[in-house]
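Under the working numbering, think of the first position of the sequence shown as -14, with each following residue one higher.
A short worksheet on the structure shown next.
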Amino acid sequence: LAWYHIGDKPTLLANMAGALAPGGRLYVEDIYALAPLETARERHLLENELYGRELPTRAYYVDALAAAGFVDVSFEDVTPDWRRLTVARAAKYLSERDAHVAVHGE
-14 LAWYHIGDKP TLLANMAGAL APGGRLYVED IYALAPLETA RERHLLENEL YGRELPTRAY
46 YVDALAAAGF VDVSFEDVTP DWRRLTVARA AKYLSERDAH VAVHGE
């Protein structure tokens, strides 16, 4: 589930909290804004490249989870790990681009 695609996050979180058995746990892995998106270019990339509605901050997610009734909320930033992975994937794709285009077209 990519939460940044969901417009009504409070309802999503309330439904998730209600669906869990007592003592149940929720694990979420999603992108978030390291800082609020401020420029038109940043918003354009989110909407047109990631097809996201909004990109909440870490504080928003923690507060929204607590407001929905989740307790013991923890948040681990794995940005460095994902950055390494995506840089490597992009480099691999670019090195094999001609093969991809030959199979899938431009």
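Heads up, the beta-carbon is just placed ideally off N, CA and C, and yes, glycines get one too.
Return yes when at least one heavy atom of the ligand ADP lies under 8 Å from the C-beta of residue i, else no.
| i | result |
| --- | --- |
| R74 | Because no ligand of any kind appears in the structure shown, any question about the ligand ADP cannot be addressed here. |
Quick one: Cα of residue i to Cα of residue j, how far?
| i | j | result |
| --- | --- | --- |
| A25 | L79 | 28 Å |
| H29 | E91 | 23 Å |
| P(-5) | A49 | 7 Å |
| V88 | A2 | 44 Å |
| D57 | T64 | 22 Å |
| R69 | E61 | 16 Å |
| N33 | E27 | 10 Å |
| P41 | L31 | 11 Å |
| A52 | W67 | 28 Å |
| A4 | V13 | 15 Å |
| A6 | S59 | 19 Å |
Quick check on the DSSP output: the alpha helix (DSSP H) that includes residue i runs from which residue to which?
| i | result |
| --- | --- |
| L79 | 64 to 80 |
| T(-4) | -6 to 4 |
| A(-13) | Run containing A(-13): none; DSSP gives neither H nor E here. |
| Y46 | 43 to 52 |
| E39 | Premise fails: E39 is in no alpha helix (DSSP H) and is neither H nor E. |
Please confirm whether residue i and residue j have their CB atoms less than 9 Å apart.
| i | j | result |
| --- | --- | --- |
| F55 | L11 | yes |
**Prompt:** Contact between the stretch 41 to 55 and the stretch 13 to 32: three or more CB pairs below 8 Å?
**Reply:** Yes: at least three Cβ pairs fall under 8 Å.
**Request:** State whether the stretch 31 to 39 contacts the stretch -11 to -4, with contact taken as three or more CB pairs (one from each stretch) at a distance under 8 Å.
**Result:** By the Cβ test, the stretch 31 to 39 is in contact with the stretch -11 to -4, since at least three Cβ pairs between them sit closer than 8 Å.
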